[in-house]
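Mapping of the sequence shown onto my numbering: residues 25 to 140, in sequence order.
One structure is given here, and the rest of the page talks about it.
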Amino acid sequence: MAVEFALIAPLLLLLTFGIIGFGYAFHLQSVLDNAARDAVRVFALQQEGDARATARQVATESAQTSVDADLLQIAIPADCAEGDLTTVTVALPDFQLIGGLWTVDLIGSGTMRCSG
Numbered sequence: 025m026a027v028e029f030a031l032i033a034p035l036l037l038l039l040t041f042g043i044i045g046f047g048y049a050f051h052l053q054s055v056l057d058n059a060a061r062d063a064v065r066v067f068a069l070q071q072e073g074d075a076r077a078t079a080r081q082v083a084t085e086s087a088q089t090s091v092d093a094d095l096l097q098i099a100i101p102a103d104c105a106e107g108d109l110t111t112v113t114v115a116l117p118d119f120q121l122i123g124g125l126w127t128v129d130l131i132g133s134g135t136m137r138c139s140g
C-alpha cells in the first residue's frame, strides 16, 4: 500500500498544484482584461486633460489588488479621434506557473469607439 502511494503521490501533487497555478493564471487574465477595459473606457470618453495618463492610472489601480504595478506593461495609443476604435493593452510578461516550470505572457485588452 505504501509503495503504491509513493508512486502516485508526486503525480497527484503535480496535478493539484497545476490546477491551483492554472486557476491563479486565469484569475490574473481576468484582472488584466478588466484593467484594460476600465482604461480604454476612460481614454475613449475623457474629453479634457491628459487622457493617456488618466487611463494608465486607472489600469494600474484596477489591477494593483492582484498584480504588482511595476510588472505591468500598459500600451495606450497616442490619440483617439472621434469615431475611431481604440485599443488599450495591459500585459504581464513572463508569469511563472507551478514554481517557474513554465512561463506565460498574460495579455488583457479592451477596445472601444472614441467619444462613445
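The beta-carbon is built from N, C-alpha and C at its ideal position, and this holds for glycine as well.
Would you tell me roughly how many angstroms separate the C-alpha atoms of Thr-40 and Ser-133, rounded to the nearest one? 30 Å
Are Val-64 and Ala-87 touching if we call contact CB-CB under 8 Å? no
For His-51 and Leu-121, the rounded distance between their alpha carbons: 13 Å
Give the C-beta separation of Ile-131 and Ala-115 to the nearest angstrom, bearing in mind that I take them to be a contact with Cβ-Cβ under 8 Å. Rounded to whole angstroms, the Cβ separation of Ile-131 and Ala-115 is 5 Å, and the two are in contact under 8 Å.
Span separating the alpha-carbon of Leu-95 from that of Gln-70: 26 Å
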